[in-house]
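Residue numbers (the numbering used here), protein chains in the order written: chain A, 84 to 413; chain B, 84 to 413.
There are 2 protein chains.
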Amino acid sequence: MSGVGGYGGARVLVTGGLGFIGSTLAIELVRSGAQVIVLDALIPQHGGQLYNVAPVRDRITVELADMRDAQALSRCVRGVDFVFHLAGQVSHGDSMRDPHLDLAVNCVSTMNLVESCRQHNPSARLLYTSTRQVYGKPRSLPVTEAHPTLPIDVNGINKLAAEYYHLLYDRTYGLRSVVLRLTNTYGPRQHIQSDRQGFIGILIRRALRGEALQLFGTGEQVRDFNYVDDVVAAILRAAQTPECYGQVWNLGAPRHHSLLEFAALLSELCNVSYTTVPFPDDRRIIDIGDYYGDYSAFARATGWHPRIDLPQGLASTIASYREHKDHYWA
Amino acid sequence: MSGVGGYGGARVLVTGGLGFIGSTLAIELVRSGAQVIVLDALIPQHGGQLYNVAPVRDRITVELADMRDAQALSRCVRGVDFVFHLAGQVSHGDSMRDPHLDLAVNCVSTMNLVESCRQHNPSARLLYTSTRQVYGKPRSLPVTEAHPTLPIDVNGINKLAAEYYHLLYDRTYGLRSVVLRLTNTYGPRQHIQSDRQGFIGILIRRALRGEALQLFGTGEQVRDFNYVDDVVAAILRAAQTPECYGQVWNLGAPRHHSLLEFAALLSELCNVSYTTVPFPDDRRIIDIGDYYGDYSAFARATGWHPRIDLPQGLASTIASYREHKDHYWA
């Protein structure tokens with residue numbers, strides 16, 4: 084990653100900073116010369132772990148606190164220049180099994196954050212990582228930001244409400260907030276031990292363990308994939324682009340791939356077979372079919388383009404997980 | 084009100100049933116022969132009062148409980164045929180001053196309700212009264228259900244999330260849910276003692292007291308007004324129209340009126356003057372400008388049409404408040 088300037092000396096807070104994308108962001112920020120506070124509740128199963136920030140552990144402040152606790156939050160937001168809000172529950176399936184937890188972690192926590200910024204640090208710039216899940220089943224492809232939102236799981240609803248809080252506080256109180264709608268992000272440090280973070284983590288774990296890969300449905304569903312370093316680059320650019328404030332922006336990739344193509348790449352890297360199986364009921368009802376997003380507006384506004392294609396990114400990912408096996412999939 | 088059949092012998096739950104629209108609905112349901120349970124937390128300032136159901140007090144069950152309490156809710160939903168979910172915080176201004184309460188009362192309570200129905204009574208039919216506030220400032224008029232949603236206050240965001248919960252549980256779990264987006268409802272039993280329920284209540288109270296009316300801005304903003312009996316008729320029809328399930332529907336009126344016209348009617352009824360004043364800051368930021376909705380889809384689906392125009396409805400409203408002065412504006 085390169086070309087990101089302007090964070091030297093900046094004071095930044097990364098919520099969910101021990102998670103997959105949050106830790107990768109925190110590490111990059113430290114390399115850019117920022118003073119980084121990482122806030123994480125380490126909620127079991129949400130995927131964060133201290134090991135994720137091992138490369139910069141002695142250069143960041145780690146605040147173990149739950150954002151549902153407004154007091155802890157207000158301590159963290161005071162005096163920072165940027166708040167990158169990545170904390171949250173991301174499992175679609177879990178959001179259906181425990182909708183109350185999803186509501187608390189995604190809505191209540193986000194409300195606490197924007198309120199805390201309004202009260203204690205209204206000049207901070209906020210960036211929220213949302214999800215393409217807010218669109219539901221696409222009516223047309225590629226999906227632009229103007230596509231209607233009809234979430235098909237509890238997580239999508241709560242993430243959408245959290246987006247709206249950011250936009251509202253930007254418009255109403257002058258907090259500068261950007262919302263990015265991420266698509267399928269993959270790469271090192273993702274939580275792949277359990278099945279909670281979607282098919283990418285499941286397939287990668289099985290491939291690493293030499294197990295056959297199973298794809299739900301025909302396997303012909305297409306997705307756009309972003310390597311985590313590209314997502315971090317997008318986050319860093321968006322937060323420094325005034326044109327981005329008060330808006331939602333899609334990320335995406337120049338090429339989309341079917342799940343079969345994804346599995347074929349993994350299969351080659353790890354020498355495993357793959358096959359398709361019928362959708363289990365609880366997956367089928369929250370499946371969105373084909374998806375790929377139009378990120379051209381964001382590219383125009385920020386100059387961001389993904390640099391790492393899927394074959395390259397998956398190779399790096401597998402190499403990294405092999406090197407750090409004990410912490411991710413042993 | 085007439086022409087509503089099919090509730091004779093039905094067991095129904097009305098949440099927020101001591102409030103303005105809820106109590107009017109409960110009374111009409113009793114008249115239709117339904118067995119009515121009214122659930123209300125009587126949260127101070129939310130506008131409910133026992134006197135609202137005085138005409139049917141001895142023929143309904145009143146359950147004083149808070150929907151944030153999932154246990155109380157599960158007791159109430161068991162065995163009912165219909166759930167009319169009208170409970171909630173409706174003040175736009177209050178939602179900005181206490182966003183956490185609004186979130187709890189509108190999102191958490193609604194989540195409790197749909198979860199409770201899924202677990203204890205999945206064959207119940209649900210109807211949720213949402214608001215045109217979810218659209219934000221209209222981009223085009225009249226506003227159809229396909230208009231983008233960009234709420235401009237916390238209340239609009241939380242009501243929108245609550246809508247989505249209903250639609251999700253309909254699509255995913257087979258609960259049959261209808262969402263109505265109400266516009267400006269007026270009539271007897273509205274909470275007009277405080278300023279919390281919008282300009283209608285404020286103007287009516289002032290007119291009744293013989294005080295001059297003040298309109299914010301130019302007074303030329305237009306709105307569509309529904310008399311409460313028409314809204315109750317819409318609710319009763321919608322819940323019995325299978326075509327309505329799983330969808331959102333606008334209410335509305337065949338004519339729209341400027342606030343100046345509204346004030347002129349009140350002025351004539353109560354012999355008071357009216358004038359315009361600049362918007363206070365906290366009102367201006369959540370003002371939506373002109374609004375009127377397209378309710379033709381709902382009219383086609385259900386045959387519903389508003390029967391009472393504004394002059395007629397306002398006259399009835401003022402007469403009713405004069406008769407029940409002690410309970411509403413003394």
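For every residue, glycine included, the Cβ atom is placed at its ideal position computed from N, Cα and C.
| said: Between ARG254(A) and chain B, is any beta-carbon pair separated by less than 9 Å? | reply: What you label residue 254(A) is simply residue 171 of the first sequence in a count that begins at 1. At least one CB atom of chain B sits nearer than 9 Å to the CB of ARG254(A).
| said: So, with DSSP's three-state summary, where would you put MET84(B)? | reply: Your numbering for residue 84(B) matches position 1 in the second sequence. Residue placement at MET84(B) cannot be trusted, given a pLDDT of 39 that sits under 50; what the coordinates show is reported in the next sentence. MET84(B): coil per DSSP, three-state reduction.
| query | Using 9 Å as the limit for Cβ to Cβ distance, is CYS190(A) near chain B? | reply | The count along the first sequence starts at 1 and reaches residue 190(A) at position 107. Yes, contact with chain B.
| message | I believe ARG201(B) touches TYR252(B) by the beta-carbon criterion, under 8 Å. Please report the beta-carbon distance rounded to the nearest angstrom. | response | In the second sequence, the residue the question calls residue 201(B) occupies position 118. In the second sequence, the residue the question calls residue 252(B) occupies position 169. Their Cβ separation, rounded to whole angstroms, is 6 Å, which keeps ARG201(B) and TYR252(B) in contact under 8 Å.
| message | Quick check on THR232(B) - is its C-beta less than 9 Å from some C-beta in chain A? | response | Walking along the second sequence from the start, residue 232(B) turns up at place 149. Yes, THR232(B) lies at the interface with chain A (some Cβ there is under 9 Å from its Cβ).
| field | Separation of LEU265(A) from TYR378(A), as counted between CA atoms | value | If you number the first sequence from 1, residue 378(A) lands on position 295. If you number the first sequence from 1, residue 265(A) lands on position 182. Approximately 10 Å, taken between the alpha carbons.
| message | Please tell me whether ALA244(B) has its Cβ less than 9 Å away from any Cβ of chain A. | response | For the purposes of this step, residue 244(B) is taken as the residue at position 161 of the second sequence. Under the 9 Å criterion on CB atoms, ALA244(B) is classed as interfacial with respect to chain A.
| request: Tell me, please, which residues DSSP counts as bridged to HIS168(A). | output: Mapped onto the first sequence, residue 168(A) falls at position 85. DSSP output for HIS168(A) lists THR98(A), TYR211(A) as bridge partner(s).
| How should HIS414(B) be labelled, buried or exposed, when 16 other C-beta atoms within 10 angstroms of its C-beta is the threshold for buried? | Here chain B comprises residues numbered 84 to 413, so residue 414(B) is not present and cannot be evaluated.
| Does DSSP put VAL146(A) in a helix, in a strand, or in coil? | Taking the first residue of the first sequence as position 1, residue 146(A) is located at position 63. In the sequence as presented, Val is not what sits at residue 146(A); that position holds Glu. Strand.
| message | For the stretch 353-386 of chain A, list every residue whose C-beta sits within 7 Å of some C-beta in chain B, in sequence order. | response | ILE368
| query | Under three-state DSSP, which class holds ILE391(A)? | reply | The residue labelled residue 391(A) in the question sits at position 308 within the first sequence. Note: ILE391(A) maps to coil in three-state DSSP.
| request: Can you give me the Cβ contacts of ARG320(A) inside the same chain, cut-off strictly under 6 Å, excluding the 5 residues immediately before and after it? | output: By one-based count along the first sequence, residue 320(A) stands at place 237. Once the five neighbours on either side are set aside, the close Cβ partners of ARG320(A) are THR385, TRP387.
| request: Starting from ILE318(A), find everything on chain B with Cβ-Cβ shorter than 8 Å and list it in chain order. | output: Locating residue 318(A) in the first sequence gives position 235, where the first residue counts as 1. In chain order: nothing, as chain B lies at least about 23 Å away.
| Under the three-state DSSP convention, the category VAL163(B) falls into | Your numbering for residue 163(B) matches position 80 in the second sequence. The answer is coil: DSSP assigns VAL163(B) none of H, G, I, E or B.
| VAL188(A) in three-state terms, based on DSSP | Residue 188(A) sits at position 105 when you count from the first residue of the first sequence. Here VAL188(A) sits in helix by DSSP.
| Can a CB atom of chain A be found closer than 9 Å to the CB of HIS203(B)? | In the second sequence, residue 203(B) corresponds to position 120, counting from 1. Not an interface residue.
| With 9 Å set as the bound, which would you pick, yes or no: does the beta-carbon of MET179(B) sit closer than that to a beta-carbon of chain A? | As a first step, residue 179(B) must be located in the second sequence, where it is residue number 96. Chain A places a beta carbon closer than 9 Å to that of MET179(B), counting this residue as a contact.
| request: Quick one: which unbroken alpha helix (DSSP H) runs of 4-plus residues sit fully inside the stretch 266-309 of chain B? Chain order, please. | output: 282-291
| said: Rounding to the nearest angstrom, what Cα-Cα distance links LEU210(B) and ILE371(B) in this structure? | reply: On the second sequence, residue 210(B) is found 127 positions in, with the first residue counted as 1. On the second sequence, residue 371(B) is found 288 positions in, with the first residue counted as 1. Computed Cα separation, rounded: 26 Å.
| task | Take GLU326(B) and list the residues in its own chain whose beta-carbon comes closer than 7 Å to its own, dropping the five residues that flank it on each side. | result | Taking the first residue of the second sequence as 1, we reach residue 326(B) at position 243. The residues are ALA384.
| task | Assign ARG264(A) to one of three DSSP states: helix, strand, or coil. | result | Position 181 of the first sequence holds residue 264(A). In this structure, ARG264(A) counts as strand in the three-state DSSP scheme.
| Whose Cβ in chain A lies nearer than 8 Å to the Cβ of GLN251(B)? | By 1-based counting over the second sequence, the position of residue 251(B) is 168. Inspection of the sequence shows that residue 251(B) is occupied by Leu rather than by Gln. Residues of chain A passing the Cβ test: PRO234, ILE235, ASP236, VAL237, ILE240.
| query | Taking DSSP as the reference, what is the three-state secondary structure of LEU122(A)? | reply | Within the first sequence, residue 122(A) is the residue found at index 39, counting from 1. In the displayed model, LEU122(A) falls within a strand according to three-state DSSP.
| said: Report the CB separation of ASP392(A) from GLN304(A) in whole angstroms; it is logged as a contact under 8 Å. | reply: Stepping through the first sequence from its first residue, residue 392(A) is reached at position 309. Stepping through the first sequence from its first residue, residue 304(A) is reached at position 221. 19 Å between Cβ atoms; not a contact.
| message | Beta-carbon within less than 7 Å of SER199(B)'s beta-carbon, same chain only, minus the 5 sequence neighbours each way: which residues are those? | response | Residue 199(B) sits at position 116 when you count from the first residue of the second sequence. Around SER199(B): ALA153, LEU156, SER157, VAL160.
| field | Per DSSP, cross-strand counterpart(s) of THR359(B) | value | Taking the first residue of the second sequence as position 1, residue 359(B) is located at position 276. Partner(s): LEU298(B).
| In three-state DSSP terms, what is ARG383(B)? | On the second sequence, position 300 is the one that residue 383(B) refers to. Of the three classes helix, strand and coil, the one that applies to ARG383(B) here is helix, per DSSP.
| request: Check whether the Cβ of HIS175(A) lies closer than 9 Å to any Cβ atom in chain B. | output: Indexing the first sequence from 1 puts residue 175(A) at position 92. Judged by the 9 Å Cβ criterion, HIS175(A) is not in contact with chain B.
| query | Counting contacts by CB-CB distance shorter than 9 Å, is MET194(B) in contact with chain A? | reply | On the second sequence, position 111 is the one that residue 194(B) refers to. Chain A, which has a Cβ nearer than 9 Å to the Cβ of MET194(B), makes this yes.
| field | Minimum Cβ-Cβ distance from ALA148(B) to chain A less than 9 Å | value | Residue numbering aside, residue 148(B) sits at position 65 when the second sequence is read from its first letter. Not closer than 9 Å to any Cβ of chain A, the Cβ of ALA148(B) fails to qualify, so no.
| query | Whose Cβ in chain A lies nearer than 7 Å to the Cβ of HIS168(B)? | reply | Taking the second sequence and counting its residues from 1, one reaches residue 168(B) at position 85. Against chain A, a Cβ distance below 7 Å from HIS168(B) picks out nothing, because the smallest value is about 16 Å.
| query | With a CB to CB cut of under 7 Å and the five nearest residues on each side skipped, what residues in its chain are close to ILE110(B)? | reply | The residue you call residue 110(B) lines up with position 27 of the second sequence. Within the same chain, ILE110(B) has close Cβ partners VAL136, PRO138, VAL139.
| said: If I follow the unbroken alpha helix (DSSP H) through ASN354(B), where does it start and stop? | reply: Within the second sequence, the letter at position 271 stands for residue 354(B). Unbroken run through ASN354(B): none, as it is neither H nor E.
| field | Closer than 9 Å to chain A by CB, TYR218(B) | value | To locate residue 218(B), count along the second sequence from 1; it is residue 135. Closer than 9 Å: no.
| query | Helix, strand or coil: which one does DSSP assign to HIS340(B)? | reply | The sequence position of residue 340(B) within the second sequence is 257, counting from 1. Of the three classes helix, strand and coil, the one that applies to HIS340(B) here is strand, per DSSP.
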